[in-house]
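S.K.: Under mature numbering (1 follows the signal peptide of the UniProt record, and there is no 0), the letters of the sequence shown match residues -19 to -1, 1 to 65, in that order.
The C-beta atom is built at its ideal place from N, Cα and C for all residues, glycine as well.
If you're wondering where the values come from, they're calculated on a predicted model, not measured in any experiment.
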Amino acid sequence: MSLRSLALLSLCVVLTACSKINQENYSKLSAGMNRAAVEQLLGTPTECSGALGMSSCTWGDQNSFISVQYAADKVLMYSGQGLK
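#1: Leaving out the 5 sequence neighbours to the left and right, which residues in its chain are closer than 8 Å to Cys29 when beta-carbon positions are compared?
#2: Would you call the CB atoms of Ser60 and Ser45 closer than 8 Å?
#3: The alpha helix (DSSP H) with Gln62 in it runs from where to where?
#4: My understanding is that Asn6 touches Leu33, with C-beta atoms under 8 Å, so please give their C-beta distance in whole angstroms.
#5: Classify Asn6 as helix, strand or coil using the three-state DSSP reduction.
#6: Assuming the contact rule is C-beta atoms closer than 8 Å, Val56 and Ala12 should be a hit. Round their C-beta distance to whole Å, please.
#7: On the DSSP letters alone, give me the boundaries of the beta strand (DSSP E) that Ala32 sits inside.
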């Protein structure tokens, strides 16, 4: 394996290990948290939708994700799946 391939593989492993979508960050969420605090903790959401003061944002993919539901930009409830 070339040095370049080894460096690229190492970078991928480090980036995966540094994912903010994990059990540790999930346990830091709480009802009533404001949206800015959640985004500081988890980063930019993968997708968001909503209407009439209610919204839902998701971080991650189909296998590992955190989903947060907001009312007036405050956490109402949240869930996660496949977190490590």
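M.R.: The answer reads as follows:
#1: Ser36, Ser37, Cys38, Thr39
#2: no
#3: First-last for Gln62: 55 to 62, but that is the beta strand (DSSP E), not the alpha helix (DSSP H).
#4: With 8 Å as the limit, Asn6 and Leu33 do not qualify as a contact, their Cβ atoms being about 28 Å apart.
#5: helix
#6: 5 Å
#7: 28 to 32
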